[in-house]
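Using the working numbering, the letters of the sequence shown map in sequence onto residues 1 to 365.
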Amino acid sequence: MSLDQLAGFARVKRTIAIINKEAKRHNRSASSIVMEMLRLYKKCSFGPNYYLLAGMASNKMSWQEKCAHISDKQYHQAMDVLNPVPYRKITQHKLAEKSFLKMANIPSSDFLGFLEPIKGFSADGTALTNKPQLIQLLRHQLGKTVCIKIPEGYGGKGFLAGLVIEENDEIHIKPINDDKALSIEEVINSYNDVIATEGLLIESYIEQASGYSAFNSSSVNTVRTWVLQTGDNIEVIGGYFRMGRSGSLTDNGDGGGIMCPVDPISGVLGLGLLTSNPFRDELEQHIDNKVQLNGVTLPDWQQIVSCSCETLRKLPYTKFAGLDVAMSEDGPVIIEVNVTPDKDGAAYGFIPSNKLLQAAELVQK
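Below, the structure is given as structure tokens:
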């Protein structure tokens with residue numbers, strides 16, 4: 001038996017084990033779950049893994065709700081209509097994205113600079129191409145927390161947030177999740193290859209509202225809203241709230257973060273889950289700090305909805321986006337715009353992704 005065959009056998013074995021577990025948890029027979037999987041595959045073309053991730057074994061989810069999800073192929077076909085490929089780069093590079101957000105007067109963190117050996121510049125237009133210029137920029141941020149991001153990074157890769165301090169007349173960055181301050185030389189060395197090929201984006205740090213930091217204080221906890229334009233109507237069709245684990249800087253699932261579906265009308269959270277698991281965990285509380293999740297209403301939810309809809313309204317040649325939104329004491333702040341968000345987000349958030357097909361069909365008429 002080849003390695004590929006062994007891997008395939010292991011995947012099937014794991015799926016069967018999860019089906020049996022879901023059958024016991026939802027008081028159903030495993031055979032009824034398999035039959036339903038086959039019916040949905042025939043009707044909607046998504047497989048057993050998506051079925052399990054979306055929690056479709058639950059008797060609480062109606063057949064109509066299950067049929068509101070689409071296949072990966074259908075999703076990308078809809079994307080090609082709603083968000084033409086040539087215009088996606090507007091938001092896929094964080095420097096271009098930041099430029100758009102600021103020009104469109106959409107709330108976002110302050111741009112401080114773009115460090116790059118040739119093309120780098122700071123917010124005031126002066127060059128930012130080397131270590132002395134970076135030190136000069138950071139000297140103006142003494143006592144403040146800054147963020148460093150990779151322009152095309154994702155999943156929290158390369159993210160650094162730290163307080164700018166001065167030690168022995170030298171500028172350092174003290175990461176907010178570490179006691180050891182980093183010299184600017186150490187910071188540059190840790191990003192050497194990235195600086196040479198992509199550059200680094202430097203921004204101000206968002207101080208989140210207390211109602212959101214209560215879920216996990218070490219990370220900026222965000223809502224991923226799915227925003228869709230159908231004809232002249234723009235609406236949030238679903239979303240999920242993400243919070244980090246204790247001590248983690250980021251809230252994303254790749255870093256072990258917790259996700260909760262959010263009711264798009266009320267802003268009420270559902271049971272939490274870990275994306276590292278191939279099924280829904282159904283967490284009532286945060287794993288580490290025991291903060292209640294299920295049934296909690298996110299503060300100022302309608303502000304997040306309004307900000308999300310206004311952001312999509314201003315995005316050229318874009319009729320759908322997954323927006324990462326944080327809540328500061330002054331209101332919602334757009335962290336990131338995703339014009340091809342992970343389709344599994346529809347499973348995490350119980351989002352009726354068939355609405356994307358309907359919107360795409362309307363565009364083509």
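Virtual Cβ for every residue (Gly too), placed ideally from N, Cα, C. From a predicted model like this one, the values you see are computed outputs, not experimental measurements.
Would you mind reading off the limits of the alpha helix (DSSP H) that contains T311?
W301 to K314
In the structure shown, what three-state DSSP assignment does C147 receive?
strand
Coil, strand or helix - Y317 by DSSP:
The three-state reading of DSSP puts Y317 in coil, since its state is none of H, G, I, E or B.
Touching or not, the region 104–114 and the region 356–365, by the rule of three or more beta carbon pairs under 8 Å?
no
For V291, is the classification buried or exposed, using 16 other Cβ atoms within 10 angstroms of its Cβ as the cut-off for buried?
Exposed, because fewer than 16 other Cβ atoms sit within 10 Å of the Cβ of V291.
From K180 to T222, what distance separates their C-alpha atoms?
Answer to the nearest angstrom: the Cα atoms are 27 Å apart.
Name the two residues that bound the continuous beta strand (DSSP E) containing E167.
Going by DSSP, E167 is part of the beta strand (DSSP E) stretching over L160 to E167.
Which two residues bound the contiguous alpha helix (DSSP H) that contains L40?
A30 to C44
Leaving out the 5 sequence neighbours to the left and right, which residues in its chain are closer than 6 Å to A68 when beta-carbon positions are compared?
Within the same chain, A68 has close Cβ partners P352 and N354.
I106 (DSSP reduced to helix, strand or coil)
coil
Minimum C-alpha distance to N338 - residue among Y41, K98 and G211:
It is K98 whose Cα lies nearest to the Cα of N338.
How many whole angstroms separate the CB atoms of S246 and N289, which I take to be in contact at a CB cut-off of 8 Å?
6 Å
Beta-carbon proximity check, I228 vs V262, cutoff 9 Å:
Per the sequence shown, the amino acid found at residue 228 is Leu instead of Ile. No, the pair does not count as a contact, with Cβ atoms beyond the cut-off.
In angstroms, rounded to a whole number, what distance separates the CA positions of S248 and N177?
7 Å
Quick check: the Cα distance between Y154 and D324, rounded to an integer number of angstroms?
12 Å
First and last residue of the uninterrupted alpha helix (DSSP H) at Q74
D72 to L82
Alpha carbon to alpha carbon, how far is A78 from N192? Give it in angstroms, no decimals.
Taking the CA atoms as reference points, N192 sits about 39 Å from A78.
Beta carbon of M259 nearer than 9 Å to that of Y348
yes
When you compare each of K24, S71 and I184 to N368 by their alpha carbons, which one comes out closest?
Residue 368 falls outside the range modelled here, since the chain spans only 1 to 365, and no answer is possible.
Taking the alpha helix (DSSP H) that E65 falls in, what are its first and last residues?
W63 to K66
The beta strand (DSSP E) that contains L119, what's its start and end?
Looking at the sequence shown, residue 119 is not Leu but Lys. It is not in any beta strand (DSSP E) - K119 carries neither H nor E in the DSSP assignment.
Indicate whether G322 and R224 have their beta-carbon atoms separated by less than 9 Å.
yes
Going by C-alpha distance, which of L160, L271, S190 and G295 is nearest E203?
Of the candidates L160, L271, S190 and G295, the residue whose Cα lies closest to the Cα of E203 is L160.
Since E235 is in the beta strand (DSSP E), which residue starts that stretch and which ends it?
N233 to M243
Is it buried or exposed for S308, if we count other Cβ within 10 angstroms and need 16 for buried?
Residue environment: S308 is assigned as buried (16 or more neighbouring CB atoms within 10 Å of its CB, all protein chains considered).
Chain-order list of residues whose beta-carbon lies under 8 Å from that of K131 (same chain, five-residue window excluded):
I184, E185 and I188
Given a threshold of 16 other Cβ atoms within 10 Å of its Cβ, counted over all protein chains shown, does D251 qualify as buried or as exposed?
Buried, because 16 or more other Cβ atoms sit within 10 Å of the Cβ of D251.
Which word fits G267, buried or exposed, when buried means at least 16 other C-beta atoms lie within 10 angstroms of its C-beta?
buried
Starting from the Cα of K42, find the closest Cα among A17, K174 and S71 and give me that residue.
S71
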